[in-house]
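Worksheet: the structure to be examined is printed underneath.
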Amino acid sequence: MNTSRKYLVLGQTVAALAVAATFGPAGAQEASIAQLTEPGKEVSIGAGIASGNEKDRARWGMYNGLRKDDLNGLFGFGYNSRDPASGKWMSFEGRNLGLDNRELGYSYRQLGDLKFTVDYDELVRHDPRTINTRLSGAGTTTPTVTLLATPGTGQELNLEQKRKGLTFAFEKMFGGNFQFEASFKNEEKDGSRLYGKGFACSQAWKDVGACTGTTASAVLMLPEPINSTTRQAEAKLSYMGEKLRLTGGYYGSFYTNRNSTLTPTISGGLGNQNGGLNAADAGLSAVLAQSMVLNPDNQAHQLSVAGNYTLTSHTRLNFKYAYTHATQDAAFPVASGLASGRSNLGGEINTTKAQLGFSSHPMSKLHLHGDLAFDSRSNKTPLDLYNGTYVCSPGFINGRNCVTAPGGAVPFPNRLGMYTNGNPSSKKYDAKLEATYRLPQNYMLTGGVKYEHEDFGTWTPTDVAGGVSGLKQKLNETSYRVELRKVVSETFTGAISFNSSRRTGDSPWLQPVNFNVAGGTGVTAVSDAAIYSRTAIFPYIYMDRKRDKFRMNGNWEPMERLSLQAFFDYNEDTYTAPTEHGLRKTKGNNFSLDASYAISDNWKANAYLSRGKQTRDSGHSTGYDAIVTDTADAFGFGITGKPSTRFQVGADLTWLDDNLKYKQTLDASNTSAVNTALINGGGLPDVKYGLLRFKLYGAYALQKSSYIRMDYIYNKSTFNEWTYNFNGTPYLYSDNTTITAKEKQVVNFIGASYVHRFE
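Now the structure itself:
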């Protein structure tokens, strides 16, 4: 059926429903739309049509099941039975049954005794981008890469991830003091997602035989094949006594991935990311064809206990304890080449969390509460060398990586790239105390202090620090909070608060010293002056940090029908380390205003306005500084009304504008021609996302037991995702695969449903 024909049929259907809504016969008793839309025994059937094609609906239809097809069935049902006398409730519901995000749910409840639920749901995520490729076997573990002669002349590929979940939950009361709860969820995930690999040749890689030349490079789009199962099981037993409330439980998580590796086949030559062809570079193709290991199977088991105890009428204790045992011991899917013959990681992490707190009212106007918490992570994963096989060559005989032996150059034992995994165990302690005092005229003043100490554990000497300039083992952070709140007012409630924290190192900087250097011990403690470098790289999680937050919020009801809510906050983080680069400062503010107004008993309106701005200031080690600012403005308006007891209408408008700006400047000592050209050319372009959405609906009661509903949605989105699509030019992979997305996407959706209520 062509598009014009479908619009004609829909137009006739909409016209017929409109006529029925206006002139439909009344039942023996006039129906109220409010009564008909309450939960009951009903079934709905309808259809919806969306304009455009899959590319127009790429962002709008990522999750709502309306991307693929122009015309979709809209089916649902509901069965609700409640007997107040016996306390028995039962419900059975189905939603979106004609779409790929369908849901089914069953619930049975005996108030004060038991509850049982079963839920089934499906969800499909459609990748919002358009892929044009010659890749065969996409979404399998063995795809074949073939050079596409001309970009854009291949087949279009749509990547999808499908999830199917089934959940059982059960609750039972025993003797009035005990309650047992249990649940189990099984989720199957299938499909593929955007993924890939790349490699850049250099003299070093040529010396070890990984490349034929020194300048070739390639990037390939290789969708990750997904076929996994996640299971979650939970059971809890609770006791509720006069003074003691206690809950003990078990939680288990089990992940199984049926795809262990992704092994591509490279057929023929590839396009070079730097220009030209790599057809003759057999070494590069061999590297790209190596297997990539996918997410391994893993599981975790947790035992926990939590509760509270009433010491006196004014004081209560609360406590929590949890122990988690997590393992990842799936067999290596490819030969590891380990001298030890290890067949799996043997990953094991044991986590212990404990908390003890109190809450007390020593006097009528004063409330105190505090907490002590402990978090310990014990890493029991055995250490081993995970380097693969390296070949020495004249370019690598430098006294560090290789030595000269009678038989020629051979690897230095445990040297050339032979680093182990790391297994440090961490601990964290924190203590918090807060006091709230009631002031005259219903004001509440709160003050608090919190102290945190974190120990990341002893660095594994045989691990590699990944090119960073320094690490820290211990950190301290002290936070303060003060808040003034106005409560129990006839027209206004609100609060103003300020939080401030300071994080500093409780240990000197640890400078990485590769253990394959003679005398190397992994890390060496040094002073700030000794480790200082203008372009040094320090992870921001170890840097000293000053953090301040300011927040205000209020709720004002100047009249019975009007309510206003306002919110504002400001936050600023400042980072320092022995460098002039890296993360320096982040700051942001958010403002929102919400209003609701009852125009009359039958008409209500609401609106909101918000603005958020976040800025990140950092210096890059290669010679340029960047200030990234993200500003998001939003506005919304909605109105609902009942022109009559049988007719209900509503409209909703949403507008959003998000602009991400990249402001770049050159470092004073920058000598990079690439960075100079980039910044002189205007730097990186802005990333802008805009959304305009308008919804309109109407529901009309035809008779006592049925009503119709109509929906119209206009959705316009604009997104200049230049990383994949810049000025109409799609991202180009080395096999001439392209990825792009339509920048402006407009969708018009019309839906109509008939709902019948059973007595």
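Just remember that my numbering sits 1 ahead of the position in the sequence shown, which is counted from 1.
Cβ atoms here follow ideal geometry from the backbone N, Cα and C, with glycine treated the same way.
Quick check on DSSP: helix, strand or coil for residue i?
i, result
"Trp723", "coil"
"Trp557", "strand"
"Trp460", "coil"
"Ser286", "helix"
"Asp208", "helix"
"Asn660", "strand"
"Ala406", "Legend: pLDDT at Ala406 = 36, less than 50; position of this residue unreliable, value from coordinates given subsequently. In this structure, Ala406 counts as strand in the three-state DSSP scheme."
"Leu11", "For Leu11, the pLDDT reaches just 36, beneath the cut-off of 50, and the residue's location in the model is therefore unreliable, leaving the point undetermined."
"Pro441", "helix"
"Gln291", "coil"
"Arg504", "strand"
"Ala742", "coil"
"Glu491", "coil"
"Ile600", "coil"
"Arg58", "coil"
"Met711", "strand"
"Arg103", "coil"
"Ser593", "strand"
"Val465", "coil"
"Gly153", "coil"
"Val146", "strand"
"Lys643", "strand"
What residue does the alpha helix (DSSP H) around residue i start on, and which one ends it?
i, result
"Asp529", "Asp529 to Ile532"
From the beta carbon of residue i, is the nearest beta carbon of chain B less than 8 Å away?
i, result
"Ala331", "Chain labels in this structure do not include chain B; a single protein chain is all it has."
Could you check whether the Cβ of residue i sits closer than 7 Å to any heavy atom belonging to the ligand FAD?
i, result
"Asn749", "By its list of ligands, the structure shown contains no ligand whatsoever, and the ligand FAD lies outside what it can speak to."
The beta strand (DSSP E) spanning residue i covers which residue range?
i, result
"Leu232", "Here residue 232 is Arg; the residue named in the question, Leu, does not match the sequence. Start and end: Glu225 to Met241."
"His127", "Leu115 to His127"
"Ile542", "No beta strand (DSSP E) holds Ile542; DSSP gives it neither H nor E."
"Phe179", "Phe179 to Arg194"
"Tyr387", "Careful: Tyr387 lies outside any beta strand (DSSP E) and carries neither H nor E."
"Ala139", "Premise fails: Ala139 is in no beta strand (DSSP E) and is neither H nor E."
"Lys165", "Glu161 to Phe175"
"Asn749", "Lys745 to Arg758"
"Gly371", "Leu367 to Asn380"
"Ser361", "Gly348 to Met364"
"Val514", "Trp510 to Val514"
"Ala578", "Looking at the DSSP string, Ala578 is not in any beta strand (DSSP E), and its letter there is neither H nor E."
"Asn133", "Thr131 to Thr134"
"Asp70", "Unbroken run through Asp70: none, as it is neither H nor E."
"Leu703", "Val688 to Gln704"
My assumption, with CB atoms under 8 Å, is that residue i sits in contact with residue j. Please give the rounded CB distance.
i, j, result
"Asp626", "Asp574", "About 17 Å separates the two Cβ atoms, so there is no contact after all."
"Ala211", "Val288", "5 Å"
"Gly308", "Thr248", "6 Å"
"Phe117", "Phe78", "With a Cβ gap of about 20 Å, Phe117 and Phe78 do not count as contacting."
"Pro383", "Gly347", "5 Å"
"Tyr701", "Ile709", "6 Å"
"Val688", "Asn721", "6 Å"
"Asp631", "Asp658", "About 11 Å; that fails the 8 Å criterion."
"Tyr292", "Thr266", "According to the sequence shown, residue 292 is Ser rather than Tyr. Not really, about 11 Å apart at Cβ, beyond 8 Å."
"Leu369", "Ala436", "5 Å"
"Thr325", "Thr352", "4 Å"
Since residue i sits in a beta bridge, which residues does DSSP pair it with?
i, result
"Asp631", "Gln615 and Leu661"
"Val220", "Gly199"
"Leu485", "Leu446 and Ile497"
"Tyr324", "Leu304 and Thr353"
"Arg246", "Met241 and Asn309"
"Gln111", "Lys89 and Leu115"
"Asp626", "Gly620 and Thr666"
"His732", "Note that residue 732 is Tyr in the sequence shown here, rather than His. In DSSP, Tyr732 forms a bridge with Ile740."
"Ala332", "Asn345"
- Query: How about the stretch 173 to 180 and the stretch 200 to 208: do they share at least three Cβ pairs that are nearer than 8 Å?
  - Reply: The answer is no - the stretch 200 to 208 does not touch the stretch 173 to 180, with fewer than three Cβ pairs under 8 Å.
- Is the stretch 612 to 620 touching the stretch 491 to 508 in the sense that three or more CB pairs, one from each, lie closer than 8 Å? Counting C-beta pairs with one atom in each stretch, the stretch 491 to 508 and the stretch 612 to 620 have fewer than three that are closer than 8 Å, which means they do not touch.
- Query: Can at least three beta-carbon pairs, one atom from the stretch 308 to 318 and one from the stretch 255 to 271, be found at a separation below 8 Å?
  - Reply: No, they do not touch.
- Just checking, does the stretch 85 to 92 make contact with the stretch 151 to 165 on the three C-beta pairs under 8 Å criterion? The stretch 85 to 92, when compared against the stretch 151 to 165, does not touch it at the 8 Å Cβ threshold.
- Task: Check whether the stretch 481 to 488 touches the stretch 441 to 451, counting contact only when three or more Cβ pairs, one atom from each stretch, lie closer than 8 Å.
- Result: The stretch 481 to 488 vs the stretch 441 to 451: in contact.
- Flag this pair as touching only if the stretch 129 to 145 and the stretch 102 to 113 have three or more C-beta atom pairs under 8 Å; answer yes or no. Segments in contact, no.
- Query: Does the pairing of the stretch 529 to 536 with the stretch 455 to 467 give three or more beta-carbon distances under 8 Å?
  - Reply: The stretch 529 to 536 and the stretch 455 to 467 do not touch, with fewer than 3 CB-CB distances between them shorter than 8 Å.
- Any 3 or more C-beta pairs closer than 8 Å across the stretch 576 to 593 and the stretch 601 to 608: No, they do not touch.
- Query: Okay, do the stretch 347 to 356 and the stretch 365 to 381 touch, 3+ Cβ pairs below 8 Å being the bar?
  - Reply: Three or more Cβ pairs drawn from the stretch 347 to 356 and the stretch 365 to 381 lie within less than 8 Å of each other, which places the two stretches in contact.
- Message: Whether or not the stretch 65 to 75 and the stretch 97 to 104 are in contact is what I'm after, with contact meaning three or more pairs of Cβ atoms, one per stretch, closer than 8 Å; do they touch?
- Response: Between the stretch 97 to 104 and the stretch 65 to 75, the count of C-beta pairs closer than 8 Å reaches three or more; the two stretches touch.
- Are the stretch 157 to 166 and the stretch 92 to 99 touching, with three or more C-beta to C-beta distances below 8 Å? With the cut-off at 8 Å, the stretch 157 to 166 and the stretch 92 to 99 do not touch.
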